[in-house]
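S.K.: First residue of the first sequence? That's 101 in my numbering, and the numbers climb one at a time after it.
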Amino acid sequence: MPEAPEVEVVRLGLASGLTGRRFAEVAVGRDRVVRRTSRTALIAGLTGARVDEVDRHGKYLIIGLDTGRSAMIHLRMSGQVLLVDGDAGAPAHTHVDARLDDGRRMLFVDPRTFGEVVVFDPMRVADEVPELARLGPDPLRDGLDLAALRAGLRSRRRALKPLLLDQSFIAGIGNIYADEICHRARLRPTRRSDGLGLAAERRLASAIVDVLREAVAAGGSTLSDAQYVGVDGRPGEFQREHRVHARPGARCSTCGRGRIRRSTVAQRGTYHCPVCQR
DNA sequence: AAACAAACCTGTGCGC
DNA sequence: TGCGCACAGGTTTGTT
């Protein structure tokens with residue numbers, strides 16, 4: 101499922117394929133993906149607009165337009181953004197088909213239709229896309245300030261994994277990377293966030309940044325359902341480097357003694373090593 | 001404040 | 001082989 105690293109790989113692809121291009125013609129196949137506003141609002145907001153920049157905050161893609169407005173795309177669980185040739189066929193579940201002034205097309209594809217596309221006014225983001233205004237820092241974009249992280253961990257008395265999944269705490273971590281980060285930091289997903297101690301807090305800060313960066317370098321994670329692909333349709337490779345997620349029974353690569361165990365934490369399938377994650 | 005559950009969807013993979 | 005059903009997951013919303 102797309103988390104910050106996967107969305108970053110998409111962002112890089114869009115930045116090279118969209119920047120400076122204009123949307124020439126926009127078709128919306130299914131109203132559900134434009135539910136925040138409307139089909140006509142998306143078409144009016146994109147058509148004729150030139151892309152100035154492609155940004156990202158957490159799992160949210162933000163396409164800055166020369167009209168002063170921005171397009172927000174969220175992939176949720178099964179969304180894909182593809183750049184294809186003008187005469188290419190559109191895959192099943194293509195809900196937005198936007199032709200560019202160079203003849204190529206940007207497609208938004210999403211079988212489960214949880215994802216969305218909306219054009220909004222960045223000056224009114226708190227009103228128009230409130231969840232975007234509530235996001236915490238993005239470790240890939242902004243880095244991670246150790247003092248701020250420590251204060252946050254201590255003030256929010258929660259289990260570690262649910263806190264990592266909280267987008268207002270840190271933006272961009274989802275179920276896969278929460279597991280991988282906890283394992284890298286050798287911390288139990290259910291460990292209380294307050295009272296970790298400086299050494300563990302440092303390990304956690306490093307793990308967050310390192311795991312996310314390594315995942316971007318590997319092109320993101322594509323699980324067996326193959327939902328995530330880049331704008332060129334290619335899957336990522338980081339799943340090969342997963343040490344715990346979706347690997348029940350595997351021998352722990354850190355301690356060599358534990359077996360990866362599956363459990364449920366915060367309503368999410370969770371994997372950890374009971375021996376070295378404390 | 002935090003934990004929990006349900007809702008939104010549909011393709012996949014399992015058990016029988 | 002075919003059918004039915006649980007499951008997956010990001011986020012919001014509502015309840016305890």
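Ideal Cβ positions, reconstructed from N, Cα and C, are used throughout, including at glycine.
Decide yes or no for the touch test of the region 251-265 against the region 185-195: beta carbon pairs closer than 8 Å, at least 3 of them.
M.R.: The region 251-265, when compared against the region 185-195, does not touch it at the 8 Å Cβ threshold.
S.K.: When DSSP labels each residue in this structure, what does ALA464 get in the three-state scheme?
M.R.: Absent from the model: residue 464. The displayed extent of the chain is 101 to 378, so no value can be given.
S.K.: Suppose contacts are defined by Cβ-Cβ distances below 8 Å. Is ASP325 in contact with LEU183 by that definition?
M.R.: It is not a contact, given that the beta carbons lie outside the stated cut-off.
S.K.: Helix, strand or coil for ILE162, going by three-state DSSP, please let me know.
M.R.: Here ILE162 sits in strand by DSSP.
S.K.: Is the beta carbon of VAL219 closer than 8 Å to that of GLY145?
M.R.: Yes; because the gap between Cβ atoms is below 8 Å, this pair is in contact.
S.K.: Have a look at GLN339 and ARG361 and give me their C-alpha separation to the nearest angstrom.
M.R.: In a straight line, the C-alpha of GLN339 is about 18 Å away from that of ARG361.
S.K.: Would you mind working out which of VAL311, VAL154, ASP131 sits nearest ILE143, comparing C-alpha positions?
M.R.: Nearest option by C-alpha distance: ASP131.
S.K.: Can you tell me which of LEU298, ALA285, ARG334 puts its alpha carbon nearest to the alpha carbon of VAL344?
M.R.: Per the Cα distances, ALA285.
S.K.: What are the residues that DSSP puts in a beta bridge with GLU301?
M.R.: According to DSSP, which records beta bridges pairwise, GLU301 is partnered with nothing at all.
S.K.: List the residues that DSSP assigns as beta-bridge partners of ALA171.
M.R.: Paired residue(s): ILE163, VAL219.
S.K.: Run through DSSP, which three-state label would TYR277 get?
M.R.: Helix, per DSSP.
S.K.: Going along the chain, which residues of its own chain have a beta-carbon closer than 8 Å to the beta-carbon of CYS376, five neighbours each way excluded?
M.R.: Only ARG286, CYS352, THR354, CYS355, ARG357, GLY358 meet the Cβ criterion.
S.K.: State whether the region 303-320 contacts the region 151-169, with contact taken as three or more CB pairs (one from each stretch) at a distance under 8 Å.
M.R.: Verdict: no, contact absent.
S.K.: Along the chain, where does the alpha helix (DSSP H) containing ASP227 start, and where does it finish?
M.R.: Its alpha helix (DSSP H) spans residues 225-228.
S.K.: So ARG362 is in the beta strand (DSSP E); what residue range does that whole segment cover?
M.R.: Where ARG362 is concerned, the enclosing beta strand (DSSP E) stretches over 361-365.
S.K.: Less than 8 Å separating the beta-carbons of HIS283 and HIS372?
M.R.: Yes, the Cβ-Cβ distance between HIS283 and HIS372 is below 8 Å.
S.K.: Quick one: give me the first and last residue of the alpha helix (DSSP H) that GLU153 is part of.
M.R.: Unbroken run through GLU153 is the beta strand (DSSP E), 151-157; no alpha helix (DSSP H).
S.K.: How would you label MET206, buried or exposed, when you count the other beta carbons within 10 angstroms and need 16 or more for buried?
M.R.: Counting Cβ neighbours within 10 Å, MET206 comes out buried, since at least 16 surround it.
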